[in-house]
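Novice: Each position in the sequence shown, counted from 1, maps to that position plus 920 in this note's numbering.
Cβ coordinates follow ideal geometry from the N, Cα and C atoms, glycine included.
Remember, it's a predicted structure, so these values are computed and weren't measured experimentally.
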Amino acid sequence: MRIGLCGAQGTGKSTLSKALAKELGLPLIEEQARIAAKLFGITRPSRDIKVRPELGRLFEVQCLILQLQSEERYKQGFVSDRTVIDIAVYWSKWLAYTTPAVMNRFIYELCKHRAKTYDMVLYLAPEIPLEDDEFRSTNPEYQAELDFWVRAMLKICNPPVLFRVTGTLEERISQILSLIKYYQ
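1) Does DSSP classify isoleucine 1096 as helix, strand or coil?
2) Are proline 965 and leucine 1015 touching if we call contact CB-CB under 9 Å?
3) In its own chain, which residues sit with a C-beta less than 6 Å from the C-beta of arginine 1071, not counting the 5 before and 5 after it?
4) Bridge partners of serine 1012, per DSSP?
5) What does the alpha-carbon distance come out to for the pair leucine 984 and valine 1004?
6) May I ask you to report which of helix, strand or coil DSSP gives methionine 921?
7) How would you call alanine 1008, buried or exposed, if buried means at least 16 neighbouring beta carbons within 10 angstroms?
8) Check this for me: beta carbons of glutamate 1047 and threonine 931, under 9 Å apart or not?
9) Going straight from the alpha carbon of methionine 1040 to that of leucine 1030, what length do you get?
10) Quick one: residues in its chain with C-beta nearer than 8 Å to the C-beta of lysine 1013, no 5 flanking neighbours on either side, listed in chain order?
11) Straight-line CA distance for phenylalanine 979 to lysine 942?
12) Only counting the same chain, and skipping five residues up and downstream in sequence, which positions put a Cβ closer than 6 Å to that of leucine 1099?
13) Closer than 8 Å to a non-hydrogen atom of the ligand MN - does that hold for the CB of methionine 1040?
14) Using three-state DSSP, classify leucine 1055 as helix, strand or coil.
The structure is reproduced here in structure tokens:
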């Protein structure tokens, strides 16, 4: 299965994706933004991209390239900490207003098309306390705004199978395993 986790920052995607990949015996695609950030010397994207949109475009394009490459590497199945849908969200939030329309349409159409290739997209709403990992923002208002964008982009991209998972890590894993049994 090709499973992608989608949601605002700080919703437990990394913890869940690692546990789920282990449970299912599937390769894990870790959050590519952290890899791209190292390449560009970005320490906190929500701050660094805001003040340097040209850097933000390069960073988000690199995130998209890394995500697509990782998904292609594991065509037979994976659990991904993020999806192309998340990349479209961050593009919308930080870059759309300074980017030519043709480029914006290209990014959105690519992400919308690619969202159809996931067997299952799992949406995680903000329900756990934000932790400062010195990479993501700890502002709950920013998280709520990103959650709004994620929900809107999920409607636009309309992945074939979309579920909201909630609760503790164990409850989330149980919900997902039940969903997988149902769809197999």
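Specialist: According to the structure data:
1) helix
2) no
3) none
4) Note: serine 1012 sits in no beta bridge, so no partner.
5) 7 Å
6) coil
7) buried
8) yes
9) 18 Å
10) Glu1065, Leu1066, Trp1069
11) 29 Å
12) Phe1083
13) Looking at this structure, you won't find the ligand MN or any other ligand, since it has none at all.
14) The sequence shown places phenylalanine at residue 1055, not leucine. Coil.
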